[in-house]
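Working notes for the structure below.
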Amino acid sequence: MIHDIIQKIQASINQSQMKPERKAAVSELLEQLRAELDTLSQDHPKDAAAMAQSTATHASDILNGREDEQYAQSLREQLARFSTDHPQLVKSIDLFCRTLSRLGI
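Residue numbers (our numbering): 68 to 172.
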């Protein structure tokens, strides 16, 4: 699942109108993020699976008009623990997102 998402992001980067040097920089950040996610999946598969499942469930509930505040709070707490346990991954995700934002993506 994670690799599919990263491949879609990479395809979007490749098809974008960005200058080649920007494409290379964003692709490098994406590769760093992929490496962090691979490490997480190998070293802490239960953490990765739990976070992915919780996020998918919450997103599905919201999209179907069934937002549960207690569940949302539980997800926020889980994310806070995840951030504490995996700070480098969180930094990589943040840097990638901020870079895309600065590019207007």
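Beta carbons are placed, not taken as given, at the ideal position from N, Cα and C, and that holds for glycine.
Nearest-angstrom Cα distance between residue i and residue j?
i	j	result
Lys-75	Ser-108	19 Å
Leu-96	His-153	17 Å
Lys-86	Pro-112	37 Å
Gln-137	Ile-69	27 Å
Gln-84	Asp-135	40 Å
Ser-79	Ile-72	11 Å
Ala-91	Ser-159	16 Å
Arg-133	Thr-124	11 Å
Gly-171	Cys-164	11 Å
Glu-103	Leu-156	6 Å
Gln-99	Asp-105	10 Å
Ser-141	Thr-166	29 Å
Which residues mark the beginning and the end of the alpha helix (DSSP H) in which residue i is found?
i	result
Ser-150	136-152
Leu-170	No alpha helix (DSSP H) holds Leu-170; DSSP gives it neither H nor E.
Practice task
Decide if the stretch 100-120 is in contact with the stretch 139-157; the criterion is three or more beta carbon pairs, one per stretch, under 8 Å apart.
Solution key: yes
Handout entry: Continuous beta strand (DSSP E) assignments of at least 3 residues falling wholly in the stretch 74-121
Key = none
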